[in-house]
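Just below is one structure, and these are the notes that go with it.
Residue numbers (the working numbering), protein chains in the order written: chain Y, 33 to 228; chain C, 772 to 1480.
Below you can see the structure in the form of structure tokens.
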């Protein structure tokens, strides 16, 4: 059996269809301005008042620090104590994270973190917005090991999170319920530009 | 059978009787297992064939177990370089001691857990609670069984056996207010009540689905996201994992991960997979969190050198064998399981739990072979269980009804030789009542009808002409009960230019295998292989019309004998219809019939066909021949399992009919007046359960060929 290499567009279509088939949202944007607008609208529609993200995301220029999101409060974790940080995360509505690599065949986001506060941004708020630079999308899990191995070869603690959908369970009577311990909604925003 | 085994057997029978009565539990189990099998099979069929991980899964585990020592030391080195403390625990007690001393030294009080079968194996939560620690399970299913003070009843879905009403009652009691039987509301309650538990826990305990040697990392799979919080928040984390979980590198882990998820839930990937290496700090907090990794042996190093049981270490705990197993689906893991549940639970219990527990549970396996087919690692679970049965029977003796049925093939030869008197006698009520009382054969189950005009006698005076030599393995039913099947097989083969021979042969030996008496099975295997190998060496292909016989020739005999001759016979043996399909692919199957008498029929694919071929060759050929068939899908066995369904009451018959209930209902619901299936025992179950006539596909096909004369 010959295997043709899928085109870039085919990969994007497959990825988007995987993400949406399990209840995620997918949107594609030219630049970060449009992402910002999307998140602002999302915040309004979901009655979100607190957004958390991590420093890397701030520094990336995605959301320049100080931007007020039209009145939304941004919890910047670096200035918080452990207790305050937990409090901020517990009450946060939206967590925004960048994506290091995405796998189209399973609609999987791969996010590398070396500070747990970063990982928790994708784990505790009820909405997760993941910003994926188009160049970081690959076709198959077979394309993933180099990125993961590189991440794991960093010194010190590292967490590599594979996120393919929202938090869910079928533990009760085989009935699907969303949002057990993690987000109830996932928004993947693909952008045509790099983050750093 | 000795007293110890007899008492254990009586306890099992009591549980079986209770299980059969428990309609609510049966409904819950059916819902979960059937649903997951459907989703999983669908998901697999959607994959492109080029997906390499399907073929890689077994190789990866085989190599991982082969290279276990190197992988282990690489893992320890890498994990320690990342700041982890790694411990090797030789048994459950020492693993528990390690956890207790970590907890004691740190002054910890509150512990959160994510789901881990290894922690169940060492009964960690119970030990911690006993020592005064507050332990909270955070996986919803685990939390439910914790509140219910039970054990998980399934490898993947711990509360599979419970209905939503039962769970709502439990939560109502636990939280002191009325919780409606609504999964959404129960889940919301669990989420809200566990948030602060995560944030304030001193220790987080997880298992690991895989450990990766080259980076010292752990892979933890969840859908709820609880393991992310358990590994991120507490100042101390402890992972307990079996030593067999270590694989070489991340590529191997990703391959196994995909197989695990597809088989366990039918998802393409779970919502979350967490890979952790060492501990990351929390918000640049000055405090460096601790990671402890406890690698458990507890019987695994005894499995590894064993040529048979080594394979059990390939298990990735997907639970597919639980979901597909006919008896597991009926009773769940509290009956069919000790800690590790279902089919693969038997060999695992044999090595990780006190002696005798696994052997007493093993009769729940009725050797349908479906678990191996569902297993992404292709573990020969039926054979492993047969070895557990054999060891138990050798030590404790055999149940008397099993002693009788081990000799099934001799008994049916006698019945055939004395037919029609035997048929008359076997239909007398007084005889049946006597057989039930004295031998434990259920009087409700009809016997097949025997004939003294056997197929083999007919074939002796038959002259076969053709250019392709084919050796026919007949097995007992087509020989002694319905020789028309055998004649149809010969007719079809000759229509397609085959020269048929019937080498010397005895019955397949499967009836003895079912009861763990492997000696007669081995004798039959040796005899059949010897004579069939001669035919193969003379250029013959071997065909069989009985799925169980094909299963024996292709899978069981080489496994049992381990000889090159058995491998040779296996490689050249196939189901009649697989043989015909191959002819068809070469353009050599004649499929024109002058007139097609085409009575529409329901088709059911027997377990042993599915276990050897997946997709039924008989169905494919009959469709090519234009037969109007409607497939009746059933993800498990019809229930009769050879002689199992003949045993009295809860010993066999009642279980058999309960397993078959849904299939029989589905067949009746087609409103068709004819059923086609190639297994003689499925035929008996379906005829008995539906009252409809059941045809062998060879008979059906032959009637088309014959229509031209």
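Glycine included, C-beta positions come from ideal geometry on N, C-alpha and C.
Remember, predicted model here, so these are calculated numbers, not experimental data.
Under a 10 Å Cβ-count criterion, residue 904 of chain C is classified as buried, with 16 or more other Cβ atoms of the shown protein chains found around its own Cβ. Here the alpha carbons of residue 1381 of chain C and residue 992 of chain C stand approximately 30 Å from one another. In summary, the residues of the stretch 988-1012 of chain C whose CB is separated from some CB of chain Y by less than 7 Å are 988, 994, 995, 996, 997, 999, 1000 and 1003, in the order they occur in the chain. A straight line joining the alpha-carbon of residue 846 of chain C with that of residue 1026 of chain C spans about 19 Å.
DSSP lists C:1241 as the beta-bridge partner residues of residue 1312 of chain C. Setting aside the 5 residues that flank it on each side, residue 1006 of chain C is surrounded in the same chain by 1060, each with a C-beta closer than 6 Å to its C-beta; the list follows chain order. Contact note: residue 1049 of chain C reaches chain Y through 188, 189 and 190, using a C-beta cutoff of 8 Å and chain order. For residue 966 of chain C, a Cβ of chain Y is located within less than 9 Å of the residue's own Cβ. In terms of Cα proximity to residue 118 of chain Y, the closest of C:966, C:870 and C:873 is C:966. Taken atom to atom, the span from the alpha-carbon of residue 1106 of chain C to that of residue 1095 of chain C is near 16 Å.
If you check the CB distance, residue 1136 of chain C and residue 1156 of chain C come in under 9 Å. Any Cβ of chain Y closer than 9 Å to the Cβ of residue 845 of chain C would place that residue at the interface, and such an atom is absent. DSSP places residue 85 of chain Y within a strand segment (E or B) once states are collapsed to three. Taking all protein chains shown into account, residue 901 of chain C has fewer than 16 neighbouring C-beta atoms within 10 Å of its C-beta and is therefore exposed. In the structure shown, residue 1043 of chain C falls within a strand segment according to DSSP collapsed to helix, strand and coil. Taking a beta-carbon distance threshold of 9 Å, residue 1398 of chain C does not count as an interface residue toward chain Y. Near chain C, meaning a CB-to-CB distance below 7 Å, the residues of the stretch 120-132 of chain Y are 122. Runs of the beta strand (DSSP E) lying entirely within the stretch 836-862 of chain C, each at least 3 residues long, are 856-860 in chain order.
Residue 781 of chain C: member of the alpha helix (DSSP H) spanning 774-792, first to last residue. Only 853 and 854 from the stretch 851-877 of chain C bring a Cβ to less than 8 Å from some Cβ of chain Y. Contact of residue 1026 of chain C with chain Y is assigned, a C-beta pair being separated by under 9 Å. Around residue 957 of chain C, the beta-carbon contacts reaching into chain Y at under 9 Å are 204 and 209.
Under the 10 Å beta carbon count, residue 211 of chain Y is surrounded by 16 or more other beta carbons and is classified as buried. Residue 794 of chain C has its alpha-carbon roughly 29 Å from the corresponding atom of residue 1443 of chain C. The beta-bridge partner set that DSSP reports for residue 160 of chain Y consists of Y:127 and Y:218. Burial check for residue 1044 of chain C: the Cβ neighbour count within 10 Å reaches 16 or more, so the residue is buried. Going by DSSP, residue 1269 of chain C is part of the beta strand (DSSP E) stretching over 1269-1272. Taking a C-beta distance under 9 Å as the contact criterion, residue 1271 of chain C and residue 1227 of chain C do not qualify as a contact pair.
For the stretch 169-186 of chain Y, the set of positions with a beta-carbon nearer than 8 Å to some beta-carbon of chain C reads 173, 174, 176, 177, 180, 181, 184 and 185 in chain order. Cβ proximity to chain Y below 8 Å picks out 799, 802, 803 and 806 from the stretch 783-806 of chain C. Taking CB atoms only, residue 66 of chain Y has no neighbour in chain C less than 9 Å away. Taking a beta-carbon distance threshold of 9 Å, residue 215 of chain Y counts as an interface residue toward chain C. Taking every protein chain shown into account, the CB of residue 1407 of chain C has 16 or more other CB atoms within 10 angstroms, so this residue is buried.
Annotation note: the stretch 935-1011 of chain C contains the following uninterrupted beta strand (DSSP E) runs of length 3 or greater, listed N- to C-terminal: 974-977, 981-983 and 988-993. Shown here for residue 1100 of chain C: same chain residues with a beta carbon closer than 7 Å to its own, the five before and five after excluded, namely 800, 801, 804 and 1407 in chain order.
Residue 1438 of chain C sits away from residue 1427 of chain C, with the two beta carbons spaced by 9 Å or more.
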